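Numbering (this note's numbering), first residue to last: 398 to 641.
Spelled out as structure tokens, the structure:
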């Protein structure tokens, strides 16, 4: 934030520069809403990547993991990847304009880092818990939920897009998510959260006779106090690991 403020004070940005600064400020606000440690993110106006196709914010990722090389010398992994926003790149190949954000990383380098961090024998990979999005107005609630789950060591992601709830649930299913978190207007007003156990939902749905019964029984779905979000999701994730 301090860097962005300094750039704004310097002036001379023009309309394009002002719009870019506003976009970076929105990213900064989202990071703060997700309670990302300020020490983990640094805004650097000197970073330049692929001017021929990047059209927005660009970023690089560094792994601040201290380890040793083959000779026993202390080293830090450093950069493991980078990416950014590109609105026109896909159109070069398909003819269809498809704004997107992309990121690439070195697979072997990241695998080495995971082994060095003692994560090489992690549990069987499942998709992340997906937090369903209903409106921009309630984005703070969704970001808070994602942040709480991640801070508890549970892989979670916010759905990115404008799809309805049905499409978002299908997305979570395709991702192999063990659970989906639902924070609609009713849940937020009541201080509650609805968590859908996707594995249990699939198993129970097989025994539901018709669509109306499925809607009324809502298989695999449970409502909990908002404060119990992490505990509720953790139980479902643990069950999914045991089953796999």
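Beta carbons: idealized from backbone N, C-alpha and C, even for Gly. Bear in mind that the values here come from a model prediction, so they are computed numbers and not experimental data.
Residues of its chain near residue i, where Cβ-Cβ distance is below 6 Å and the 5 sequence neighbours each way are ignored
i	result
residue 597	617
residue 552	525
residue 428	438
Straight-line Cα distance separating residue j from residue i
i	j	result
residue 633	residue 425	32 Å
residue 399	residue 448	25 Å
residue 514	residue 492	43 Å
residue 523	residue 558	22 Å
residue 611	residue 437	Note that residue 611 scores 45 on pLDDT, short of 50, meaning its location in the model is unreliable and no value can be drawn from it.
residue 431	residue 541	6 Å
residue 463	residue 433	21 Å
residue 569	residue 484	25 Å
residue 414	residue 453	11 Å
residue 534	residue 576	23 Å
residue 629	residue 595	13 Å
residue 421	residue 600	44 Å
residue 539	residue 563	17 Å
residue 547	residue 574	14 Å
residue 567	residue 554	15 Å
residue 458	residue 407	27 Å
Beta-carbon gap between residue i and residue j smaller than 7 Å
i	j	result
residue 450	residue 486	yes
residue 442	residue 404	yes
residue 478	residue 501	yes
residue 592	residue 556	no
residue 439	residue 481	no
residue 465	residue 549	no
residue 531	residue 581	yes
residue 579	residue 529	yes
Residue burial classification, residue i (beta-carbon count within 10 angstroms, cutoff 16)
i	result
residue 410	exposed
residue 394	There is no way to answer for residue 394, as the model of the chain reaches only from 398 to 641.
residue 444	exposed
residue 525	buried
residue 423	exposed
residue 565	buried
residue 584	buried
Beta bridge counterpart(s) of residue i as assigned by DSSP
i	result
residue 436	DSSP, once it has assigned bridges, lists no residue as partnering residue 436.
residue 500	480
residue 594	576
residue 460	475
residue 527	554, 577
residue 622	589
residue 455	481
residue 465	471
Cut-off 8 Å between Cβ atoms - residues of its own chain near residue i, not counting five sequence neighbours on either side
i	result
residue 419	none
residue 505	none
residue 519	Its pLDDT being 46, under 50, residue 519 is placed unreliably in this model, and the value from its coordinates should be taken loosely. If we look at residue 519 and ignore the five residues flanking it on each side, its Cβ neighbours are 511.
residue 494	484, 485, 487, 488
residue 503	477, 478
Same chain, Cβ closer than 7 Å to residue i, neighbours up to 5 away in sequence not counted
i	result
residue 622	588, 589
residue 497	483, 487
residue 637	523, 575, 596
C-beta neighbour in chain B for residue i, strict 7 Å
i	result
residue 594	The displayed structure is made up of one protein chain only, and chain B is not part of it.
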